[in-house]
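First comes the structure, then the notes that go with it.
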Amino acid sequence: MSSQKFFDKLKIQLLFSGPTLFAFFTVVILPFLYGIYLTFTNWDGVSANHSFVGLKNYLAVLDDTAFWTSLYKTMKYVLLTVILINVVGFFLAYMLTTEIRGKNLFRAGFFTPNLIGGIILGFLWQFIFSNVLVYIGEHFKIGIFSSSWLADPDKAFWTLVIVTTWQYSGYMMVIYIAGLMNIPKELLEAASIDGANAFVRLRKIILPLMVPSFIVCVFLSLQRGFMVYDLNIALTNGGPYKSTQLVSMYVYQKAFLSQKYGAGQAEAFVLFLIVAIVTLIQVYVSKKREVEA
Amino acid sequence: MNVSKTLMKAMRYFVLVVFFCLYILPFILVLLNSLKERTEIISNPLSIPKSINFANYLSAMEKMNFANSFMNSLIITVFSVALITIFSAMTAYVFVRIQSKLNKFLFFLMVASMIIPFQAIMIPLVQIYGSIGFLNSKWALIYMYIGFGASLAVFIYHGLIKSIPLELEEAAMIDGASRLQIFFQVVFPLLKPTTMTIVILNVLWIWNDFLLPSLVLIKPEERTLPLSTFYFFGTYSVDYGLLMAGLVVTIIPVIIVYLFTQRYIIQGVMNGSIK
Chain W
1 MSSQKFFDKL KIQLLFSGPT LFAFFTVVIL PFLYGIYLTF TNWDGVSANH
51 SFVGLKNYLA VLDDTAFWTS LYKTMKYVLL TVILINVVGF FLAYMLTTEI
101 RGKNLFRAGF FTPNLIGGII LGFLWQFIFS NVLVYIGEHF KIGIFSSSWL
151 ADPDKAFWTL VIVTTWQYSG YMMVIYIAGL MNIPKELLEA ASIDGANAFV
201 RLRKIILPLM VPSFIVCVFL SLQRGFMVYD LNIALTNGGP YKSTQLVSMY
251 VYQKAFLSQK YGAGQAEAFV LFLIVAIVTL IQVYVSKKRE VEA
Chain U
1 MNVSKTLMKA MRYFVLVVFF CLYILPFILV LLNSLKERTE IISNPLSIPK
51 SINFANYLSA MEKMNFANSF MNSLIITVFS VALITIFSAM TAYVFVRIQS
101 KLNKFLFFLM VASMIIPFQA IMIPLVQIYG SIGFLNSKWA LIYMYIGFGA
151 SLAVFIYHGL IKSIPLELEE AAMIDGASRL QIFFQVVFPL LKPTTMTIVI
201 LNVLWIWNDF LLPSLVLIKP EERTLPLSTF YFFGTYSVDY GLLMAGLVVT
251 IIPVIIVYLF TQRYIIQGVM NGSIK
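What follows is the structure, given as structure tokens:
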């Protein structure tokens with residue numbers, strides 16, 4: 001190959017991928033690597049120099065019970081939301097793939113919360129939980145609503161789960177609808193003729209064929225669950241008494257408000273490892289269950 | 001047989017309507033209360049407003065610096081999404097057409113990086129860009145969105161470009177077109193449905209994003225809509241009518257766009273999930 005040709009290739013390579021790769025490396029890879037370095041230092045975010053402290057930050061992470069509490073709550077939140085989002089999302093999709101009037105209106109309505117950011121939805125639901133539901137509770141004498149859910153640690157946690165399910169189930173519904181529409185009609189008809197009722201068809205044909213859609217949706221809801229921040233800060237703001245502070249908010253406060261950047265980054269890195277492990281296990285386990293149509 | 005079928009259908013309809021109300025009612029409640037006075041809301045948040053009064057809206061828009069934040073959000077979203085789309089399509093193209101070891105590695109790296117949560121990057125990101133004085137501008141934020149948004153876009157485009165036959169490009173090459181011309185006149189138009197998907201996914205993300213802009217944009221006049229909503233709620237925390245009006249003015253533009261583009265958005269999300 002002539003050197004002329006080599007330079008042509010290089011020119012095209014740089015011209016086409018240069019801008020993207022430059023931004024990608026400087027915004028994602030460099031900070032990620034630098035972040036790993038930071039976890040071995042005692043930088044406070046202000047002073048010009050910092051020194052190397054070895055594994056001290058990681059040992060501090062082990063001792064930081066508040067961090068593990070928030071991580072435990074996040075895990076609980078992720079588990080509950082992943083299940084609820086996907087159950088509701090699949091249910092809505094299943095209901096909407098049969099012949100029914102106003103299908104598009106329903107679909108568009110269920111999707112609406114996904115157009116609006118977590119901050120705005122958080123404030124919206126804050127009003128509903130602390131004003132509307134309290135009013136209903138007092139007026140119609142419904143005990144469970146008579147005091148604000150946001151003032152009670154256990155119930156405040158559930159408000160996060162409920163609003164997250166409400167917010168994302170419409171998104172997963174759309175993905176499930178796409179999956180359901182790909183199931184060959186002949187297969188279902190043949191099963192019908194053989195005497196399989198709706199429930200058997202769902203269990204024996206639809207669910208196994210929907211595994212690829214489940215992989216995508218569980219992956220998306222896992223990621224969103226671990227990274228939740230907007231909704232947390234707008235709906236409960238971690239309260240009451242920090243009882244609903246999920247890990248993302250905790251790390252943010254540790255680093256930017258308590259100025260413990262090294263320790264905060266060590267915790268962020270632990271979070272990264274957990275997310276990576278959980279996601280890889282999820283993809284691995286569910287890929288094994290995939291079947292050919 | 002037929003009776004039970006009709007009954008089933010009615011049941012299904014009923015369940016769907018109940019769910020529909022659950023999804024839409026919160027928005028209606030905000031709309032109703034945005035027209036009321038504070039005392040009216042406290043005495044009954046479910047009542048129909050006594051009079052239609054837009055005072056809350058004007059006041060909220062002024063206090064949130066609405067026009068300014070809206071423009072900031074618009075500029076940031078438009079530029080970020082346009083650049084992510086074009087740059088990523090070009091990158092995916094070169095990854096497919098120049099099959100070097102380096103390109104395979106770079107592609108793998110971009111796909112693998114999608115697993116990194118933003119929280120694992122934000123602290124060093126702020127430190128690095130703070131120390132070179134690159135924070136506090138829309139353009140810095142747009143630049144970061146390109147870095148964060150590229151991986152998924154390259155990944156989606158990559159899958160599609162692989163299926164475009166090389167013969168199409170060879171014909172143009174014989175006519176003497178340059179690689180850039182070929183890309184923009186032959187390849188990019190073929191990617192249009194995928195481009196729609198990428199535009200939709202990125203608009204939904206960037207328009208509504210909070211954490212990254214809250215770290216990058218510190219000056220009040222640079223704030224995006226989610227940021228100014230956040231500070232607005234912090235300042236006027238008990239004036240419910242005003243707050244609800246603030247929510248309505250941020251939600252309404254999105255709903256109006258949605259009414260016209262609903263089919264494309266849902267189609268885009270569907271396509272984005274199938275790889």
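Chains as they are written, first to last, in this note's numbering: chain W, 1 to 293; chain U, 1 to 275. Ideal Cβ placement from N, Cα and C applies to all residues, glycine included. These figures come from a predicted structure and were not determined experimentally.
Exercise for review: Might you give, ordered along the chain, the residues of its own chain that have their beta carbon closer than 7 Å to the beta carbon of phenylalanine 66/U, omitting 5 neighbours on each side?
Suggested key: Here residue 66/U refers to the residue found at position 66 when the second sequence is read from its first residue. Closer than 7 Å at the Cβ level, and outside the excluded window around phenylalanine 66/U, lie Val249.
Review point. Any C-beta of chain W sitting closer than 8 Å to the C-beta of tyrosine 93/U?
Key: Against the second sequence, residue 93/U aligns to sequence position 93. So yes, tyrosine 93/U belongs to the interface.
Exercise for review: Identify every run of the beta strand (DSSP E) within the segment 174-227 of chain U, keeping only runs that are complete inside it and at least 3 residues long; order them along the chain.
Suggested key: none
Check your understanding: In angstroms, rounded to a whole number, what distance separates the CA positions of glutamate 292/W and proline 208/W?
Key -> Within the first sequence, residue 292/W is the residue found at index 292, counting from 1. Within the first sequence, residue 208/W is the residue found at index 208, counting from 1. Residue confidence for glutamate 292/W is low, a pLDDT of 49 falling below 50, so the modelled location carries little weight and cannot support an answer.
Review point. Name the chain W residues whose beta carbon is nearer than 7 Å to that of phenylalanine 233/U?
Key: On the second sequence, position 233 is the one that residue 233/U refers to. Chain W residues near phenylalanine 233/U: Phe123.
Review point. Which bits of chain W does arginine 179/U rub up against, with CB to CB less than 7 Å?
Key: Counted from its first residue, the second sequence places residue 179/U at position 179. Residues of chain W whose Cβ lies closer than 7 Å to the Cβ of arginine 179/U are, in chain order, Ile12.
Practice item. Consult DSSP for threonine 41/W and reduce its assignment to one of helix, strand or coil. Key: What you label residue 41/W is simply residue 41 of the first sequence in a count that begins at 1. Strand, per DSSP.
**Study point:** Strand pairing of phenylalanine 52/W, partner residues [DSSP]
**Key:** Translated into the one-based positions of the first sequence, residue 52/W becomes position 52. According to DSSP, which records beta bridges pairwise, phenylalanine 52/W is partnered with Thr41/W.
Point to revise | Close beta carbons around valine 251/W, own chain, < 6 Å, minus the five adjacent residues each side | key: The sequence position of residue 251/W within the first sequence is 251, counting from 1. For valine 251/W, where only same-chain residues beyond five positions count, the Cβ hits under 6 Å are Gly264, Glu267 and Ala268.
Check your understanding: Which of the residues in the segment 212-229 of chain U, read from start to end, lie with their CB under 7 Å from any CB of chain W?
Key -> Pro226 and Thr229
Check your understanding: Is there at least one Cβ from chain U nearer than 8 Å to tyrosine 168/W's Cβ?
Key -> The residue labelled residue 168/W in the question sits at position 168 within the first sequence. No, because no Cβ of chain U sits closer than 8 Å to the Cβ of tyrosine 168/W.
Check your understanding: Shorter than 8 Å from the beta carbon of glutamine 185/U to some beta carbon of chain W?
Key -> By one-based count along the second sequence, residue 185/U stands at place 185. Chain W contact via Cβ: absent.
Point to revise | Closest residue to tyrosine 37/W among Phe24/W, Phe22/W, Lys56/W and Leu21/W (Cα-Cα distance) | key: The residue you call residue 37/W lines up with position 37 of the first sequence. The candidate whose alpha carbon is nearest that of tyrosine 37/W is Lys56/W.
Practice item. Mark tryptophan 139/U as exposed unless 16 or more other C-beta atoms lie within 10 angstroms of its C-beta, in which case mark it buried. Key: For the purposes of this step, residue 139/U is taken as the residue at position 139 of the second sequence. Counting Cβ neighbours within 10 Å, tryptophan 139/U comes out exposed, since fewer than 16 surround it.
**Study point:** Alpha-carbon spacing of arginine 224/W relative to valine 187/U, whole angstroms
**Key:** Mapped onto the first sequence, residue 224/W falls at position 224. Mapped onto the second sequence, residue 187/U falls at position 187. Taking the straight line joining both Cα atoms gives about 33 Å.
Point to revise | Contact check, lysine 36/U vs tyrosine 236/U, beta carbons under 8 Å | key: For this step, residue 36/U is matched to residue 36 along the second sequence. For this step, residue 236/U is matched to residue 236 along the second sequence. Cβ distance not < 8 Å, so lysine 36/U and tyrosine 236/U don't count as in contact.
Exercise for review: Report yes if the CB atom of isoleucine 100/W is closer than 8 Å to the CB atom of arginine 12/U, and no otherwise.
Suggested key: As a position in the first sequence, residue 100/W is number 100, starting the count at 1. As a position in the second sequence, residue 12/U is number 12, starting the count at 1. Yes, Cβ-Cβ distance for isoleucine 100/W and arginine 12/U is below 8 Å.
Point to revise | Contacting positions in the segment 65-80 of chain W - beta carbon closer than 8 Å to chain U | key: none
**Study point:** Closer than 8 Å to chain U by CB, phenylalanine 90/W
**Key:** The count along the first sequence starts at 1 and reaches residue 90/W at position 90. Chain U contact via Cβ: absent.
Practice item. Report the rounded CA-to-CA distance for lysine 254/W versus methionine 8/U, giving the unit in angstroms. Key: Here residue 254/W corresponds to residue number 254 of the first sequence, with the count starting at 1. Here residue 8/U corresponds to residue number 8 of the second sequence, with the count starting at 1. Distance between the alpha carbons of lysine 254/W and methionine 8/U: 54 Å.
Check your understanding: Just to confirm, are alanine 156/W and threonine 26/W a CB contact at a threshold of 8 Å?
Key -> Here the question's residue 156/W lines up with position 156 in the first sequence. Here the question's residue 26/W lines up with position 26 in the first sequence. Contact flag unset, no.
Check your understanding: Since glutamine 262/U meets chain W, which of its residues come closer than 7 Å, beta carbon to beta carbon?
Key -> As a first step, residue 262/U is located in the second sequence; it is residue number 262 there, counting from the start. By Cβ distance, chain W contributes Ala108.
Point to revise | Closer than 8 Å at the beta carbon, the chain U residues around methionine 210/W | key: Counting from 1 along the first sequence, the entry for residue 210/W is found at position 210. Those do not exist, as methionine 210/W stays about 12 Å from chain U at its closest Cβ, beyond 8 Å.
Exercise for review: Give the straight-line distance between the Cα atoms of serine 214/U and asparagine 232/W, rounded to the nearest whole angstrom.
Suggested key: Here the question's residue 214/U lines up with position 214 in the second sequence. Here the question's residue 232/W lines up with position 232 in the first sequence. Each residue's Cα considered, the two are about 15 Å apart.
Check your understanding: Can glycine 117/W and phenylalanine 210/U be called in contact, C-beta distance under 8 Å?
Key -> Here residue 117/W refers to the residue found at position 117 when the first sequence is read from its first residue. Here residue 210/U refers to the residue found at position 210 when the second sequence is read from its first residue. Yes, Cβ-Cβ distance for glycine 117/W and phenylalanine 210/U is below 8 Å.
Check your understanding: methionine 172/W: buried (16+ other C-beta within 10 angstroms of its C-beta) or exposed?
Key -> What you label residue 172/W is simply residue 172 of the first sequence in a count that begins at 1. Methionine 172/W comes out buried.
Practice item. Return the first residue and the last residue of the alpha helix (DSSP H) that tryptophan 166/W is part of. Key: In the first sequence, counting from the first residue as 1, residue 166/W sits at position 166. 153-181 is the extent of the alpha helix (DSSP H) around tryptophan 166/W.
Review point. Alanine 196/W and lysine 185/W: beta carbons closer than 8 Å?
Key: For this step, residue 196/W is matched to residue 196 along the first sequence. For this step, residue 185/W is matched to residue 185 along the first sequence. No, Cβ-Cβ distance for alanine 196/W and lysine 185/W is not below 8 Å.
Practice item. Using beta-carbon positions only, say whether leucine 135/U and isoleucine 76/U come within less than 8 Å of one another. Key: Against the second sequence, residue 135/U aligns to sequence position 135. Against the second sequence, residue 76/U aligns to sequence position 76. No, the Cβ-Cβ distance between leucine 135/U and isoleucine 76/U is not below 8 Å.
Check your understanding: Near tyrosine 157/U, what residues of its chain come up, given a Cβ to Cβ distance below 7 Å and the 5 sequence neighbours on each side ignored?
Key -> For the purposes of this step, residue 157/U is identified with residue 157 of the second sequence, where counting begins at 1. Excluding five sequence positions before and after tyrosine 157/U, the CB atoms of its chain that fall closer than 7 Å to its own CB belong to Ser88, Ala89, Ala92, Leu191 and Thr194, given in chain order.
Review point. What residue from Arg107/W, Ile175/W and Ile136/W has the CA that sits closest to phenylalanine 219/W's CA?
Key: Position 219 of the first sequence, counted from the start, is the residue given in the question as residue 219/W. Cα-wise, what sits closest to phenylalanine 219/W is Ile175/W.
Point to revise | Residue range of the unbroken alpha helix (DSSP H) whose run includes asparagine 68/U | key: Against the second sequence, residue 68/U aligns to sequence position 68. Counting along the chain, the alpha helix (DSSP H) containing asparagine 68/U begins and ends at 66-97.
Review point. Ordered along the chain, which non-local residues of its own chain (more than five positions away) have a Cβ less than 8 Å from that of leucine 29/U?
Key: For this step, residue 29/U is matched to residue 29 along the second sequence. Cβ neighbours of leucine 29/U beyond the five flanking positions: Pro45 and Leu46.
Point to revise | Interface residues of chain W facing valine 269/U [CB-CB closer than 9 Å] | key: Locating residue 269/U in the second sequence gives position 269, where the first residue counts as 1. Near valine 269/U (Cβ distances below 9 Å), the residues of chain W are Phe111, Asn114, Tyr171, Val174, Ile175 and Ala178.
**Study point:** Spatial distance of tyrosine 284/W from serine 258/W (CA atoms)
**Key:** As a position in the first sequence, residue 284/W is number 284, starting the count at 1. As a position in the first sequence, residue 258/W is number 258, starting the count at 1. Distance between the alpha carbons of tyrosine 284/W and serine 258/W: 38 Å.
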